[in-house]
Amino acid sequence: MFLKKPRKDKQLTVKKISQKKSNLIFMTSLVGFVLFCGLTMFVSIATTMKMKARLSEAPVVEAKKETDRTLEQFLDGYVSRYFTYNSQSGSADEDVTKLNDYYGSVPDVKNQGQTKQDMNIVSARMLSAKDGIAVYRVIYDTKKDGKNQRVGIEFSIPYGVKDGKYYVSGLSWFSPVSDFKAEGVDKENHVSLVANDEMEEGKRKKLVSFLELFFKNYTTSQANLDLISNGIKSIGGATFKSLDYTYFKEKDGKIYAYAQITLDVAGTTHSENFSFELREDKDSYFVEKMDHTIPADFNKKDDKGE
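With our numbering, the residue at position 242 of the sequence shown is 261, and numbering never jumps.
Here it is as structure tokens:
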């Protein structure tokens with residue numbers, strides 16, 4: 020029988036850490052703790068600032084929505100007046116007066132032989148309101164040649180604002196398919212179509228013929244319109260009736276034309292204003308740009324002459 024030798028236990032020795040290492044560990048821990056506290060404070064401050072920003076922005080959004088509703092309410096009334104007419108009611112003059120109340124200054128209309136069929140609005144919805152132009156989708160019932168007809172159009176309305184109240188600032192137009200009215204609107208913004216231009220007569224006749232061709236294509240043919248204009252969309256359901264006023268001037272090698280026309284839509288006529296920037300194109304002209312308004316200073320002469 021053999022006896023096992025007793026196993027000697029290993030003695031554990033404690034390593035001594037120098038004062039330098041001890042200081043380094045302490046400083047590292049301290050820096051980590053400070054960075055952690057700083058990061059926590061930064062996240063807390065950032066979160067608080069975001070919450071304050073959201074709270075401060077909320078009233079502005081609500082105010083904008085309220086303004087949009089006010090504009091929509093005002094223009095809803097205008098559209099309803101515009102597309103509601105009963106020739107048998109005996110109140111035609113009164114209806115015209117009430118419609119004119121929406122304008123800051125009643126537009127100057129050259130064609131005094133306007134015709135109007137009985138109309139009854141079915142629905143009207145604002146599609147957009149931007150840069151002083153509101154666009155509505157309008158459906159109304161009318162009669163043409165004794166037959167009932169339902170018409171759907173896009174209807175653009177120029178508007179302005181004064182002292183927080185709104186007004187219609189010019190003639191409305193048909194696009195390719197308590198009182199909110201402002202008082203005391205400056206009359207200097209009123210477009211008066213009485214001026215005569217100084218264009219040479221032969222050239223003037225040529226420009227008038229071109230505009231008549233343009234408006235016929237504008238209401239009938241996109242393909243033909245593309246040949247004489249840049250990116251302008253034709254409109255359907257309207258008939259060009261007459262060119263009632265024109266004014267031309269030349270500046271910096273370009274021709275600027277201003278026109279008022281009469282359009283017929285389902286037997287009812289109305290006037291629209293246009294401004295053009297033209298260039299000569301061989302023996303004719305080409306429309307570079309078109310706007311649906313005439314500026315108040317359209318007939319202003321340059322100091323250096325034109």
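Just so it is clear, CB atoms sit at the ideal spot from N, CA and C, and this is done for glycine as well.
Please read all numbers here as calculations on a predicted model, not as lab measurements.
For residue i, which three-state DSSP category applies?
i: Phe229; result: helix
i: Glu219; result: coil
i: Val157; result: strand
i: Gly96; result: helix
i: Lys252; result: coil
i: Val128; result: coil
i: Asn105; result: coil
i: Leu246; result: helix
i: Glu81; result: With a pLDDT of 41 at Glu81, under the threshold of 50, the modelled position of this residue cannot be trusted; read the value that follows with caution. Helix, per DSSP.
i: Thr239; result: coil
i: Lys162; result: strand
i: Lys224; result: helix
i: Ile172; result: strand
i: Ala285; result: coil
i: Glu202; result: Residue placement at Glu202 cannot be trusted, given a pLDDT of 47 that sits under 50; the coordinates are not used to answer.
i: Ala257; result: coil
i: Asp114; result: helix
i: Asn119; result: helix
i: Ile64; result: helix
i: Leu54; result: helix
i: Leu262; result: strand
i: Leu297; result: strand
i: Leu190; result: coil
i: Phe317; result: coil
Measure the alpha-carbon distance for residue i versus residue j and round it to whole angstroms.
i: Ser360; j: Gly189; result: No statement about residue 360 is possible, as the shown extent of the chain runs from 20 to 325 and does not include it.
i: Tyr122; j: Phe229; result: 32 Å
i: Ala3; j: Phe174; result: In the structure displayed, the chain extends from 20 to 325; residue 3 sits before or after that span and is not available.
i: Thr281; j: His289; result: 6 Å
i: Phe193; j: Lys135; result: 16 Å
i: Ser303; j: Val227; result: 11 Å
i: Glu231; j: Gly255; result: 17 Å
i: Phe308; j: Val115; result: Residue identity differs from the one stated: residue 308 is Lys in this sequence, not Phe. Cα to Cα, the separation comes out at about 33 Å.
i: Lys252; j: Glu217; result: 31 Å
i: Asp182; j: Met68; result: 34 Å
i: Asp120; j: Asp160; result: 24 Å
i: Ile64; j: Thr47; result: 26 Å
i: His311; j: Gln107; result: 33 Å
i: Ala242; j: Glu291; result: 23 Å
i: Leu54; j: Met60; result: 10 Å
i: Asn318; j: Leu244; result: 27 Å
i: Phe222; j: Arg88; result: Sequence check: residue 222 is Lys here, not Phe. Those two C-alpha atoms are separated by around 49 Å.
i: Asp271; j: Asp300; result: 16 Å
i: Arg298; j: Glu113; result: 45 Å
i: Ala111; j: Tyr178; result: 24 Å
i: Ala201; j: Lys184; result: Low confidence applies here, because Ala201 scores a pLDDT of 46, under 50, leaving its location unreliable and the question unanswered by this model.
i: Lys225; j: Gln279; result: 17 Å
i: Asn384; j: Lys320; result: Here the chain comprises residues numbered 20 to 325, so residue 384 is not present and cannot be evaluated.
i: Pro126; j: Thr66; result: 55 Å
i: Gln92; j: Glu219; result: 48 Å
i: Ala315; j: Ser294; result: 11 Å
i: Asp150; j: Ser191; result: 15 Å
i: Arg156; j: Leu146; result: 7 Å
Assuming residue i and residue j are in contact, meaning their beta carbons sit under 8 Å apart, how far apart are those beta carbons, in whole angstroms?
i: Ile158; j: Val284; result: About 13 Å separates the two Cβ atoms, so there is no contact after all.
i: Ser99; j: Ile152; result: Rounded, the Cβ-Cβ distance is 19 Å, inconsistent with contact.
i: Asn249; j: Val180; result: Not confirmed; about 32 Å, so no contact.
i: Glu296; j: Lys268; result: Actually they do not touch by this definition, with Cβ atoms about 11 Å apart.
i: Val187; j: Tyr97; result: 6 Å
i: Ile247; j: Phe233; result: 6 Å
Tell whether a beta-carbon distance below 7 Å holds between residue i and residue j.
i: Asp137; j: Lys163; result: no
i: Ile176; j: Leu94; result: yes
i: Ile313; j: Tyr277; result: yes
i: Ala148; j: Leu90; result: yes
Quick one: is the Cβ of residue i within less than 6 Å of any heavy atom of the ligand MG?
i: Phe295; result: Here there are no bound small molecules, and the ligand MG is not part of this structure.
(message) Across the stretch 256-272 and the stretch 126-135, are there enough close Cβ pairs to call them in contact, namely three or more that are closer than 8 Å?
(response) yes
(message) Under 8 Å: do the stretch 163-170 and the stretch 279-293 share three or more Cβ pairs, one atom per stretch?
(response) yes
(message) Does the contact criterion of 3 or more C-beta pairs under 8 Å hold for the stretch 237-256 versus the stretch 103-117?
(response) no
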